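Heads up: the structure comes next, in structure tokens.
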Amino acid sequence: MRNPNSTLAFLLIFIAVFCCSCYHLTGYDKKLAMVSIADIHNDTVEPQLSSMLHSSLAEHLSHTRKAKSKPLYPLDLRIISLENSNVARAEIRDKYSRDDDSDAYQTVLYRITIRVQYSIMGKEGKALVSGVVSGIGDLPKMHDRNVPLQHALRLAANDAAKKIINDLSDNAAHLQP
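Numbering (our numbering), first residue to last: 89 to 265.
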């Protein structure tokens, strides 16, 4: 005879796995199929950031789009800031090889943070959904800064795109077909 506690535990695990898999199977809200990417205004000094954000958003929105659906709501975007901050430092000189303590450490990891403002306007000019998200990407210190910088910008744009899609999915009730 089976232990009733093990049967109950198996049943609870089965229900949890089933619910989690159903969540992943459904994906984003189907109302996101009505959203299209409009203009992206870039207020930063990195011009390629607009195309990186556009391609990341297009990729995430393509998972919701059906072949016959026509977008009704343009998504207006503005990249409002780009920040570079140091995250990690490493000791490069021991105590006896330096003149003062400011020469002891060097930054080895930077964090790129972008802030993106988004909005979807209704037919009467009122904002149906709007918000500001931040996307981050880490940048290691290397001799050629441009290659890891492009990768960090792409990571930050993709992170911001995911957050925008999640916010839109959470607020999709405001979008009417």
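A virtual CB, placed ideally from N, CA and C, is assigned to each residue, including glycine. These numbers come from a predicted model, not from an experiment.
Taking C-beta atoms under 8 Å as the contact rule, residue 247 and residue 219 fail to qualify, at a distance of about 15 Å. In the pairwise beta carbon analysis, the stretch 224-241 is classified as not touching the stretch 123-131: fewer than three pairs are separated by under 8 Å. Within its own chain, the residues whose Cβ lies closer than 6 Å to the Cβ of residue 207, once the five positions on either side in sequence are excluded, are 164, 215 and 218, listed in chain order.
Counting the other Cβ atoms within 10 Å of the Cβ of residue 119 gives 16 or more, which makes it buried. Of 249, 261 and 258, the smallest CA-CA separation from residue 150 is found for 249. Of the residues assessed, residue 144 falls on the buried side of the cut-off, its CB having 16 or more other CB atoms within 10 angstroms.
The Cβ-Cβ distance between residue 202 and residue 95 does not fall below 9 Å. For residue 130, the closest alpha carbon among the candidates 170, 146, 100 and 161 is that of 170. Between residue 226 and residue 197, the CB-CB gap stays under 9 Å. With respect to the C-alpha of residue 200, the residue from 242, 160 and 212 having the closest C-alpha is 242. A Cβ-Cβ separation of about 13 Å leaves residue 142 out of contact with residue 253 under the 8 Å criterion.
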